[in-house]
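Novice: Take a look at the following structure, please.
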Amino acid sequence: MDNNLKRVNVKVFRADKNREDCQRYVEGHHKVLESYGVTQVTSANVDWMNEPYSYIIFVENADDGRALGGGRIQLDGGSLPIPVVPAIGKLDPRIKHFVKEKAIYRTGEYCGLWNSREVAGYGIGSIFLMRAGVAIIDQLRLGSLFAFASQATCNNSLRIGFHIVRTLGINGIFYYPKEDLIATALIIDDPLQLLGAEEDERKRIFDFRKNPIKKVIEKGPRGEIEANYNLQIPAEDIINKLPPELYQMSV
Numbered sequence: 007m008d009n010n011l012k013r014v015n016v017k018v019f020r021a022d023k024n025r026e027d028c029q030r031y032v033e034g035h036h037k038v039l040e041s042y043g044v045t046q047v048t049s050a051n052v053d054w055m056n057e058p059y060s061y062i063i064f065v066e067n068a069d070d071g072r073a074l075g076g077g078r079i080q081l082d083g084g085s086l087p088i089p090v091v092p093a094i095g096k097l098d099p100r101i102k103h104f105v106k107e108k109a110i111y112r113t114g115e116y117c118g119l120w121n122s123r124e125v126a127g128y129g130i131g132s133i134f135l136m137r138a139g140v141a142i143i144d145q146l147r148l149g150s151l152f153a154f155a156s157q158a159t160c161n162n163s164l165r166i167g168f169h170i171v172r173t174l175g176i177n178g179i180f181y182y183p184k185e186d187l188i189a190t191a192l193i194i195d196d197p198l199q200l201l202g203a204e205e206d207e208r209k210r211i212f213d214f215r216k217n218p219i220k221k222v223i224e225k226g227p228r229g230e231i232e233a234n235y236n237l238q239i240p241a242e243d244i245i246n247k248l249p250p251e252l253y254q255m256s257v
């Protein structure tokens with residue numbers, strides 16, 4: 007644990023526009039997976055790095071630039087399926103039809119979420135990144151957002167507006183990526199309202215949507231850090247925008 011961690015930067019970018027930070031994100035993610043003995047995870051595939059349908063939320067130490075965590079929103083409609091489809095397609099083929107239905111109004115998946123062990127306890131991976139990911143889906147004009155959550159992140163996912171897709175797997179649960187690990191299929195299908203989110207989380211997310219560039223003193227179990235957020239996606243980096251009238255219909 008880095009007890010001297012004081013400030014972090016949290017930023018979002020389109021994957022094909024920032025190769026250097028993409029590589030840092032990938033290396034950090036792989037290290038975390040390997041530390042848990044996990045080698046076969048579909049979200050760890052790096053084909054998305056040249057894909058304009060991929061967006062990265064990246065956390066770095068504000069003082070020395072070290073990569074501390076990140077997450078990826080993969081939009082449906084590009085050359086790659088969202089990761090949950092190949093991940094559980096053989097276990098439950100219904101996922102393909104379910105995603106296809108949601109894709110009518112544009113969908114995606116929040117995946118590849120990680121934080122380095124040295125910052126465990128600050129809340130970076132457990133809630134701050136998750137909150138930021140949900141905050142930006144209105145910029146991407148998504149009608150829904152999937153997630154495939156581990157046991158460690160499922161409860162916080164429910165806090166920020168996801169709900170369990172109980173028609174898939176065993177009441178939404180799958181043994182993945184190993185037989186001794188559990189993951190839960192989740193979705194947000196009201197990204198503008200977030201009616202399923204806890205009220206405090208809902209307010210925080212809406213504030214990010216109103217003020218995507220700001221400084222926040224975040225509090226975690228191991229202390230406080232200054233988080234400098236820039237969650238504004240440049241307009242030219244948002245592709246295939248859904249017409250506003252159709253987006254409103256979807257939510």
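The opening residue of the sequence shown carries number 7 in this note's numbering; numbering runs sequentially from there.
Using N, Cα and C, we set each Cβ at its ideal position, and we do this for glycine too.
Taking the alpha-carbon positions, what's the residue 91 to residue 192 distance?
Specialist: Approximately 13 Å between the Cα atoms of the pair.
Novice: Suppose the cutoff is 6 Å on Cβ atoms and the five residues either side in sequence are ignored; what does the same chain contact list for residue 133 look like?
Specialist: 162
Novice: In the structure shown, what three-state DSSP assignment does residue 134 receive?
Specialist: helix
Novice: From the DSSP output, in three-state form, read off residue 63 for me.
Specialist: strand
Novice: Give the C-beta separation of residue 79 and residue 139 to the nearest angstrom, bearing in mind that I take them to be a contact with Cβ-Cβ under 8 Å.
Specialist: Going by Cβ atoms, the distance from residue 79 to residue 139 rounds to 6 Å, so yes, they are a contact pair.
Novice: Count the other CB atoms, across all protein chains shown, that sit within 10 Å of the CB of residue 167; report buried if there are 16 or more and exposed otherwise.
Specialist: buried
Novice: Classify residue 177 as buried or exposed, calling it buried when 16 or more other Cβ atoms lie within 10 Å of its own Cβ.
Specialist: exposed
Novice: Let me check one thing: in DSSP terms, what residues is residue 120 bridge-paired to?
Specialist: 76
Novice: Who are the Cβ neighbours of residue 100 in its own chain at under 8 Å, not counting the five residues just before and after it?
Specialist: 173 and 174
Novice: Quick one: grab the DSSP three-state call for residue 18.
Specialist: strand
Novice: Find the nearest neighbour of residue 103 within the set 117, 116, 87 and 118, judged by alpha-carbon distance.
Specialist: 87
Novice: Going by DSSP, name the residue or residues bridged to residue 222.
Specialist: 233
Novice: Can you tell me which of the three DSSP states residue 159 falls into?
Specialist: helix
Novice: Restricting to Cα atoms, I'd like to know which of 214, 75 and 81 is closest to residue 137.
Specialist: Residue 137 has its Cα closest to that of 214, out of 214, 75 and 81.
Novice: DSSP three-state label for residue 317, please.
Specialist: With the chain running from 7 to 257 in the structure shown, residue 317 is simply not present.
Novice: Which residues does DSSP list as the beta-bridge partners of residue 81?
Specialist: 114
Novice: Measuring CB to CB, does residue 151 end up less than 7 Å from residue 114?
Specialist: yes
Novice: Where residue 236 and residue 20 are concerned, what is the direct C-alpha to C-alpha distance, given to the nearest angstrom?
Specialist: Roughly 13 Å separates the two Cα atoms.
Novice: What would DSSP say about residue 210, mapped onto helix, strand or coil?
Specialist: helix
Novice: Since residue 153 sits in a beta bridge, which residues does DSSP pair it with?
Specialist: 116 and 192
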